[in-house]
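Quick mapping for you: the protein sequence lines, in order, are chains A and B. Using my numbering, you'd call the opening residue of the first sequence number 30 and step up by one each time. Using my numbering, you'd call the opening residue of the second sequence number 10 and step up by one each time. A quick write-up on the structure given underneath.
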Amino acid sequence: MKILEGKGVSKSFGGLKAVSDVEFYVEEGEILGLIGPNGAGKTTFFNLLSGALPMDSGTVLFGGQKISGLKPNQICRAGMGRTFQAAKNFPGMAVYGNVMMGALFGKPGRSASEAEQITDEVLDFVGLTEYKDKMVTDIPLSAQKQLEVARALATRPKLLLLDEVMAGLNPTEVEDAMKLILRIRDSGITVIMIEHVMRAIMTICDRILVLHHGAKIAEGTPQEISTSKTVIEIYLGES
Amino acid sequence: MITVLNIIITGLIMGGIYALISMGLSLQYGVAKILNVSHGEFIMIAAMLTWVFVGLGIHPLLALVLCCPFTFCVGFLLHITIFRWLNINSGTAAAYESNAMLLCFGLYFIFSNIAMQIWGSNPVGFQFMEKSVNLGGAIIAVNKIIVLIIALAVSILFYLFLSHSRLGKSIRAASQDPVAAGMLGMNIKKIMAICFGIGAVLAGIAGTLISMYSQVNTGMGMGYTMIALIVVVLGGMGSIPGSMIGGMILGFVGSIFGYIEPSLSMVAYYLIILVLLLVKPKGLMGR
Chain A
30 MKILEGKGVS
40 KSFGGLKAVS
50 DVEFYVEEGE
60 ILGLIGPNGA
70 GKTTFFNLLS
80 GALPMDSGTV
90 LFGGQKISGL
100 KPNQICRAGM
110 GRTFQAAKNF
120 PGMAVYGNVM
130 MGALFGKPGR
140 SASEAEQITD
150 EVLDFVGLTE
160 YKDKMVTDIP
170 LSAQKQLEVA
180 RALATRPKLL
190 LLDEVMAGLN
200 PTEVEDAMKL
210 ILRIRDSGIT
220 VIMIEHVMRA
230 IMTICDRILV
240 LHHGAKIAEG
250 TPQEISTSKT
260 VIEIYLGES
Chain B
10 MITVLNIIIT
20 GLIMGGIYAL
30 ISMGLSLQYG
40 VAKILNVSHG
50 EFIMIAAMLT
60 WVFVGLGIHP
70 LLALVLCCPF
80 TFCVGFLLHI
90 TIFRWLNINS
100 GTAAAYESNA
110 MLLCFGLYFI
120 FSNIAMQIWG
130 SNPVGFQFME
140 KSVNLGGAII
150 AVNKIIVLII
160 ALAVSILFYL
170 FLSHSRLGKS
180 IRAASQDPVA
190 AGMLGMNIKK
200 IMAICFGIGA
210 VLAGIAGTLI
220 SMYSQVNTGM
230 GMGYTMIALI
240 VVVLGGMGSI
250 PGSMIGGMIL
260 GFVGSIFGYI
270 EPSLSMVAYY
280 LIILVLLLVK
290 PKGLMGR
């Protein structure tokens with residue numbers, strides 16, 4: 030079943046076409062990788078899906094419901110969580126408080142005790158329990174990245190958008206992040222991830238979508254993408 | 010010794026009022042991104058309304074309660090109408106911030122001139138618990154003590170509201186990162202409008218309290234706006250505890266200079282800001 034599908038998704042900034050006429054789908058329970066050179070429009074694409082930016086044209090269906098045109102909080106409550114490339118956590122709160130925000134507001138009418146329970150579960154799930162009373166500014170980068178994921182998970186999403194959660198991590202931490210993403214998928218959450226760490230993308234993604242200059246230029250299994258002539262050309266230059 | 014006691018008590022009262030006003034301005038700027046230079050007009054309107062209510066035979070404390078929903082509605086409605094329209098029509102966040110400040114200048118002229126048309130510009134006042142009590146030698150009017158208690162109680166309640174209530178938590182989250190807060194299911198536009206309304210309520214409470222112990226007039230607003238701006242810079246932009254501490258500091262400075270040479274108190278305020286900006290440019294509690 031397709032959990033998310035979109036047609037003609039476009040966004041321009043002035044004369045620049047950041048995302049142009051992208052058609053895509055995401056199967057429920059899969060991990061979809063989103064790759065492309067810097068400036069390809071990957072983060073803008075996430076911003077359009079999550080409602081942070083209004084799209085110029087196109088429609089997106091989430092579980093059969095039209096979500097294009099909704100506000101970010103409505104899309105969140107429909108079941109889409111996301112993380113940000115540059116960690117956008119709340120610096121004035123402890124790790125626990127940050128995750129609590131997602132748990133409290135992610136779905137309407139959650140009681141404080143339910144939210145606390147979700148927060149504890151999520152902190153345990155991503156392995157942040159030891160840091161829960163620390164301020165965000167006092168924890169290492171890898172933990173800040175995990176916190177982004179934890180906060181989005183606390184909203185209890187059906188679909189999770191991950192924007193470069195492995196950027197800046199060392200190989201061991203990348204390994205842990207890969208395991209975490211697989212565990213998230215195994216818990217029943219569909220994942221779309223933007224990533225530059227090719228080893229991770231090629232290992233854990235079921236399918237990959239390649240953007241270049243805002244347009245979709247390729248789509249397929251890691252095997253197909255890694256042997257695709259167009260993809261190799263845009264990454265390595267024409268031979 | 011008695012003089013010192015007098016200065017301390019007067020400082021506490023002025024500080025309490027300044028803290029209330031500044032917390033309102035800080036909230037409006039910190040969350041709704043509006044530098045509300047018409048803030049003082051909400052103080053003035055509530056003060057004049059209280060005077061009108063008392064003239065109709067309503068008890069001042071009841072007038073205080075009546076003014077709260079009124080000022081909240083004015084603030085909230087202003088935000089969901091003209092400020093939201095302005096936000097949609099300003100291209101960037103920075104453009105919106107400067108446009109919103111200009112709009113507040115317009116509101117300042119509109120409010121103060123309408124008030125002057127209705128009530129004139131003469132000082133007005135009413136009698137409220139004017140009996141004095143002797144506190145360890147210092148002679149203080151009862152009304153000032155009531156004002157101090159209410160100002161402190163409202164400040165503490167407001168702080169608890171921000172730190173403990175669900176809405177308060179969403180306000181803090183929205184002030185720290187509105188985009189992330191929206192993505193976690195919070196309705197940012199509604200939160201901003203509520204913050205602007207709460208800011209107006211805090212100004213209104215201050216206005217009613219001021220009218221309880223001193224005369225008021227339709228031109229009183231801008232002076233308090235200036236004080237609130239100084240306190241917000243002193244305490245750190247958008248920091249609520251900073252506004253409380255800054256308000257108290259300014260209250261004490263005003264009280265000390267009110268005793269020595271009242272005309273120098275404004276000079277002292279600006280001198281403090283000057284030194285602070287040189288030593289700690291982000292304010293006492295600024296991040």
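Think of the CB as a built atom: it goes at the ideal place given N, C-alpha and C, for glycine as much as any other residue.
Cβ-heavy atom distance, residue 181 of chain B to the ligand MG, below 7 angstroms
Within the structure as shown, the ligand MG is missing, as the structure has no ligands at all.
When DSSP labels each residue in this structure, what does residue 87 of chain A get in the three-state scheme?
Reading the first sequence from its first residue, position 58 is the one you call residue 87 of chain A. The answer is strand: DSSP assigns residue 87 of chain A an E or B state.
Quick one: what's got a C-beta closer than 8 angstroms to residue 123 of chain A's C-beta in the same chain, skipping five residues either side?
Numbered from 1 along the first sequence, position 94 holds the residue referred to as residue 123 of chain A. Excluding positions up to five away in sequence, the list reads 161, 162, 163, 164 and 165.
Return yes when the Cβ of residue 110 of chain A is within less than 8 angstroms of the Cβ of residue 182 of chain A, no when it is not.
Here residue 182 of chain A refers to the residue found at position 153 when the first sequence is read from its first residue. Here residue 110 of chain A refers to the residue found at position 81 when the first sequence is read from its first residue. Their beta carbons are under 8 angstroms apart, which means residue 182 of chain A touches residue 110 of chain A by this criterion.
Taking any Cβ of chain B, which residues in the stretch 223-242 of chain A have a Cβ under 9 angstroms from it, in chain order?
none
Give me the chain B residues within the contact set of residue 117 of chain A, using Cβ-Cβ distance strictly less than 7 angstroms, ordered along the chain.
Taking the first sequence and counting its residues from 1, the one referred to as residue 117 of chain A is at position 88. Near residue 117 of chain A (Cβ distances below 7 angstroms), the residues of chain B are 186, 188 and 189.
Residues of the stretch 92-108 of chain B with Cβ closer than 9 angstroms to any Cβ of chain A, in chain order
none
Could you tell me which chain A residues have their CB closer than 7 angstroms to the CB of residue 182 of chain B, listed as they occur along the chain?
Working through the second sequence from its first residue, we reach residue 182 of chain B at position 173. Within chain A, the residues near residue 182 of chain B are 119 and 130.
Leaving out the 5 sequence neighbours to the left and right, which residues in its chain are closer than 6 angstroms to residue 287 of chain A when beta-carbon positions are compared?
Here chain A comprises residues numbered 30 to 268, so residue 287 of chain A is not present and cannot be evaluated.
Same chain, Cβ closer than 6 angstroms to residue 39 of chain B, five either side skipped, listed in chain order:
Locating residue 39 of chain B in the second sequence gives position 30, counting from the first residue. Once the five neighbours on either side are set aside, the close Cβ partners of residue 39 of chain B are 184 and 247.
Strictly by DSSP, which residues pair up with residue 41 of chain A?
Along the first sequence, one-based indexing puts residue 41 of chain A at 12. Residue 41 of chain A pairs with A:46.
Identify which residue in B:96, B:213, B:193 and B:209 has its Cα closest to the Cα of residue 60 of chain B.
Looking up residue 60 of chain B in the second sequence gives position 51. Out of B:96, B:213, B:193 and B:209, B:213 has the C-alpha closest to the C-alpha of residue 60 of chain B.
Run down chain B in chain order and give the residues with a C-beta less than 7 angstroms from the C-beta of residue 133 of chain A.
Stepping through the first sequence from its first residue, residue 133 of chain A is reached at position 104. Going along chain B in sequence order, the residues near residue 133 of chain A (Cβ under 7 angstroms) are 175 and 178.
Of the listed residues A:225, A:158, A:219 and A:175, nearest to residue 205 of chain A (C-alpha basis):
Walking along the first sequence from the start, residue 205 of chain A turns up at place 176. Out of A:225, A:158, A:219 and A:175, A:175 has the C-alpha closest to the C-alpha of residue 205 of chain A.
Beta carbon proximity, residue 101 of chain A to chain B, threshold 8 angstroms:
Sequence index remark: in the first sequence, residue 101 of chain A carries index 72 (1-based). For residue 101 of chain A, the answer is yes, since a Cβ of chain B falls inside 8 angstroms of its Cβ.
What is the DSSP secondary structure of residue 79 of chain A, counted as helix, strand or coil?
Mapped onto the first sequence, residue 79 of chain A falls at position 50. In this structure, residue 79 of chain A counts as helix in the three-state DSSP scheme.
Per DSSP, which residues does residue 241 of chain A bridge with? Please list them.
By 1-based counting over the first sequence, the position of residue 241 of chain A is 212. Answer is A:244, bridged to residue 241 of chain A.
Is the distance from the Cβ of residue 194 of chain B to the Cβ of residue 31 of chain B below 8 angstroms?
Here residue 194 of chain B corresponds to residue number 185 of the second sequence, with the count starting at 1. Here residue 31 of chain B corresponds to residue number 22 of the second sequence, with the count starting at 1. Taking 8 angstroms as the Cβ cut-off, residue 194 of chain B and residue 31 of chain B do not qualify as a contacting pair.
Mind listing the chain A neighbours of residue 195 of chain B? Cutoff is C-beta to C-beta under 7 angstroms, in chain order.
In the second sequence, residue 195 of chain B corresponds to position 186, counting from 1. Under the 7 angstroms cutoff, chain A gives 102 and 134.
Span separating the alpha-carbon of residue 210 of chain B from that of residue 227 of chain A
Translated into the one-based positions of the second sequence, residue 210 of chain B becomes position 201. Translated into the one-based positions of the first sequence, residue 227 of chain A becomes position 198. The alpha-carbon atoms of residue 210 of chain B and residue 227 of chain A are separated by roughly 54 angstroms.
Is the beta carbon of residue 43 of chain B less than 8 angstroms from the beta carbon of residue 92 of chain B?
Counting from 1 along the second sequence, the entry for residue 43 of chain B is found at position 34. Counting from 1 along the second sequence, the entry for residue 92 of chain B is found at position 83. Cβ atoms of residue 43 of chain B and residue 92 of chain B: closer than 8 angstroms.
Please compile the residues from chain A whose C-beta is within a distance smaller than 7 angstroms of the C-beta of residue 57 of chain B.
In the second sequence, counting from the first residue as 1, residue 57 of chain B sits at position 48. Ordered by position in chain A, no residue passes the 7 angstroms Cβ test against residue 57 of chain B, which lies about 37 angstroms from the chain.
With a cut-off of 8 angstroms, do at least 3 Cβ pairs link the stretch 149-168 of chain B to the stretch 12-26 of chain B?
yes
When you check each C-beta in the stretch 256-275 of chain B against every C-beta of chain A, which residues fall closer than 7 angstroms?
none
Verify the CB distance criterion: does residue 123 of chain A have a CB-CB separation below 8 angstroms to chain B?
Within the first sequence, the letter at position 94 stands for residue 123 of chain A. No, no contact with chain B.
So for residue 90 of chain B, helix, strand or coil by DSSP?
Mapped onto the second sequence, residue 90 of chain B falls at position 81. Residue 90 of chain B falls in the helix class under three-state DSSP.
How about residue 77 of chain A and residue 55 of chain A: are their beta carbons less than 8 angstroms apart?
Working through the first sequence from its first residue, we reach residue 77 of chain A at position 48. Working through the first sequence from its first residue, we reach residue 55 of chain A at position 26. In this structure, residue 55 of chain A does not lie closer than 8 angstroms to residue 77 of chain A by Cβ.
Against residue 111 of chain A, what residues of chain B qualify as contacts under a CB-to-CB distance less than 7 angstroms, listed in chain order?
In the first sequence, counting from the first residue as 1, residue 111 of chain A sits at position 82. Residues of chain B passing the Cβ test: 192.
Have a look at residue 281 of chain B and residue 265 of chain B and give me their C-alpha separation to the nearest angstrom.
Residue 281 of chain B sits at position 272 when you count from the first residue of the second sequence. Residue 265 of chain B sits at position 256 when you count from the first residue of the second sequence. Taking the straight line from one Cα to the other gives about 14 angstroms.
Answer yes or no: does any C-beta atom of chain B fall closer than 8 angstroms to that of residue 184 of chain A?
Looking up residue 184 of chain A in the first sequence gives position 155. At least one chain B Cβ lies under 8 angstroms of residue 184 of chain A.
Which residue's Cα is closest to the Cα of residue 345 of chain B: B:224, B:233, B:259 and B:76?
Absent from the structure is residue 345 of chain B, since the part of chain B shown begins at 10 and ends at 296.
Applying the criterion that 16 or more other CB atoms from any shown protein chain within 10 Å of the CB defines a buried residue, is residue 81 of chain B buried or exposed?
Taking the first residue of the second sequence as position 1, residue 81 of chain B is located at position 72. When all chains shown are included, residue 81 of chain B counts as buried.
Chain-ordered chain B contacts of residue 214 of chain A [CB-CB under 9 angstroms]
Position 185 of the first sequence holds residue 214 of chain A. Chain B residues near residue 214 of chain A: none, gap ~21 angstroms exceeds 9 angstroms.
Is the Cβ of residue 47 of chain A closer than 8 angstroms to any Cβ of chain B?
One-based indexing of the first sequence puts residue 47 of chain A at position 18. Closer than 8 angstroms: no.
Extent of the continuous alpha helix (DSSP H) run through residue 181 of chain B:
The sequence position of residue 181 of chain B within the second sequence is 172, counting from 1. Segment 175-185, the alpha helix (DSSP H) holding residue 181 of chain B.
Using DSSP with H/G/I as helix, E/B as strand and the rest coil, what is residue 173 of chain A?
Position 144 of the first sequence, counted from the start, is the residue given in the question as residue 173 of chain A. Reduced to three states, the DSSP call for residue 173 of chain A is helix.
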